[in-house]
Amino acid sequence: KNQVEQSPQSLIILEGKNCTLQCNYTVSPFSNLRWYKQDTGRGPVSLTIMTFSENTKSNGRYTATLDADTKQSSLHITASQLSDSASYICVVSGNTGNQFYFGTGTSLTVIP
Amino acid sequence: DAGVIQSPRHEVTEMGQEVTLRCKPISGHDYLFWYRQTMMRGLELLIYFNNNVPIDDSGMPEDRFSAKMPNASFSTLKIQPSEPRDSAVYFCASSLAAPALGAEAFFGQGTRLTVV
């Protein structure tokens, strides 16, 4: 069964600290993996998209890694800011058709 | 471009009433997606269109739900009759190319539906 699991479910960190969010998936065959940031009351916004051959991709203070062998991805946030408070969603696409498999998200709260 | 535009932003309706949600995708995008988001189930893909043609509607929960895309710049998601369990945030998204090829999907602000 194709699934995407994220951990932790929620996380609270101090402003300026780093954190890492995890995403494990069982989707096969695999096409790409995306990390989205969703602010409260808004639609998700793409942070990174990685294909099978990519191990890491950065977008400012956000760095995503992918291990296609172990089917794991992580999103590392460096020097967190209050504006990083949001839900982070991992989405995996299979390469048969255009199916998406969503994680339930990690809720991050950055406190001053 | 103003991005994906959804209307209304909020909708409160009584059980049994018909509800129509609207979406205007980004101009030139060939793919349009309808999603539903709840606290319990997270984001779920309901249906998607390619060049105005419905490709996969396997996520549509039941016959009460229907979606149309009469032209490249407009799509609707209709629920008739609505039920309290339909309460959720409904998102529309569009992309320039097939997501399987890594194309980025752009989401609208969503419509928060409450059925009482």
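Order-wise, the sequence lines are chains B and W.
Per my numbering, the very first residue in the first sequence carries number 87; after that it's consecutive.
Per my numbering, the very first residue in the second sequence carries number 1482; after that it's consecutive.
Ideal placement from N, C-alpha and C gives every residue a C-beta, glycine not left out.
Using the beta-carbon count (16 or more within 10 Å), is residue i buried or exposed?
{"i": "Glu-1492(W)", "result": "buried"}
{"i": "Gln-124(B)", "result": "buried"}
{"i": "Pro-1489(W)", "result": "exposed"}
{"i": "Pro-1551(W)", "result": "exposed"}
{"i": "Ile-163(B)", "result": "buried"}
{"i": "Phe-1514(W)", "result": "buried"}
{"i": "Leu-168(B)", "result": "exposed"}
{"i": "Val-196(B)", "result": "buried"}
{"i": "Arg-120(B)", "result": "buried"}
{"i": "Asp-1567(W)", "result": "buried"}
{"i": "Met-1617(W)", "result": "Residue 1617(W) falls outside the range modelled here, since chain W spans only 1482 to 1597, and no answer is possible."}
{"i": "Val-1485(W)", "result": "buried"}
{"i": "Leu-1594(W)", "result": "buried"}
{"i": "Pro-1542(W)", "result": "exposed"}
{"i": "Ser-1575(W)", "result": "buried"}
{"i": "Ile-98(B)", "result": "exposed"}
{"i": "Gly-1589(W)", "result": "buried"}
{"i": "Asp-170(B)", "result": "buried"}
{"i": "Ala-1483(W)", "result": "exposed"}
{"i": "Pro-130(B)", "result": "buried"}
{"i": "Thr-1592(W)", "result": "buried"}
{"i": "Pro-198(B)", "result": "exposed"}
{"i": "Gln-1518(W)", "result": "buried"}
{"i": "Pro-1565(W)", "result": "exposed"}
{"i": "Gln-185(B)", "result": "buried"}
Which whole-angstrom value describes the C-beta separation of residue i and residue j, a residue pair presumed to lie in contact below a C-beta threshold of 8 Å?
{"i": "Asn-118(B)", "j": "Gly-1583(W)", "result": "5 Å"}
{"i": "Thr-1494(W)", "j": "Ser-1563(W)", "result": "6 Å"}
{"i": "Thr-142(B)", "j": "Thr-156(B)", "result": "Not really, about 15 Å apart at Cβ, beyond 8 Å."}
{"i": "Val-178(B)", "j": "Phe-116(B)", "result": "7 Å"}
{"i": "Leu-1527(W)", "j": "Phe-1546(W)", "result": "7 Å"}
{"i": "Glu-101(B)", "j": "Ser-166(B)", "result": "6 Å"}
{"i": "Gln-95(B)", "j": "Thr-112(B)", "result": "The Cβ separation is near 19 Å, so there is no contact."}
{"i": "Ser-93(B)", "j": "Gln-108(B)", "result": "5 Å"}
{"i": "Ser-160(B)", "j": "Thr-126(B)", "result": "The pair is not a contact, with the Cβ atoms about 23 Å apart (cut-off 8 Å)."}
Could you have a look at residue i and say whether DSSP puts it in helix, strand or coil?
{"i": "Gln-155(B)", "result": "Note that residue 155(B) corresponds to Asp in the displayed sequence, not to Gln. Correct three-state label for Asp-155(B): coil."}
{"i": "Ser-139(B)", "result": "coil"}
{"i": "Arg-128(B)", "result": "coil"}
{"i": "Leu-1558(W)", "result": "strand"}
{"i": "Ala-1581(W)", "result": "helix"}
{"i": "Ser-179(B)", "result": "strand"}
{"i": "Ser-169(B)", "result": "helix"}
{"i": "Pro-1551(W)", "result": "strand"}
{"i": "Arg-1467(W)", "result": "Summary: the structure shown does not reach residue 1467(W), with chain W confined to residues 1482 through 1597, and so no result is reported for it."}
{"i": "Arg-147(B)", "result": "coil"}
{"i": "Arg-1593(W)", "result": "strand"}
{"i": "Thr-1490(W)", "result": "The displayed chain sequence assigns Arg, not Thr, to residue 1490(W). Looking at Arg-1490(W) - three-state DSSP - the assignment turns out to be coil, as it is neither helix nor strand."}
query: What are the start and end residues of each continuous beta strand (DSSP E) run of 3 or more residues lying completely inside the segment 1518–1543 of chain W, in chain order?
result: Those beta strand (DSSP E) runs which fall completely within the segment 1518–1543 of chain W and span 3+ residues are 1523–1531 and 1534–1537.
task: Take every Cβ of the segment 1549–1565 of chain W, pair it with every Cβ of the segment 1497–1509 of chain W, and state whether three or more of those distances are shorter than 8 Å.
output: yes
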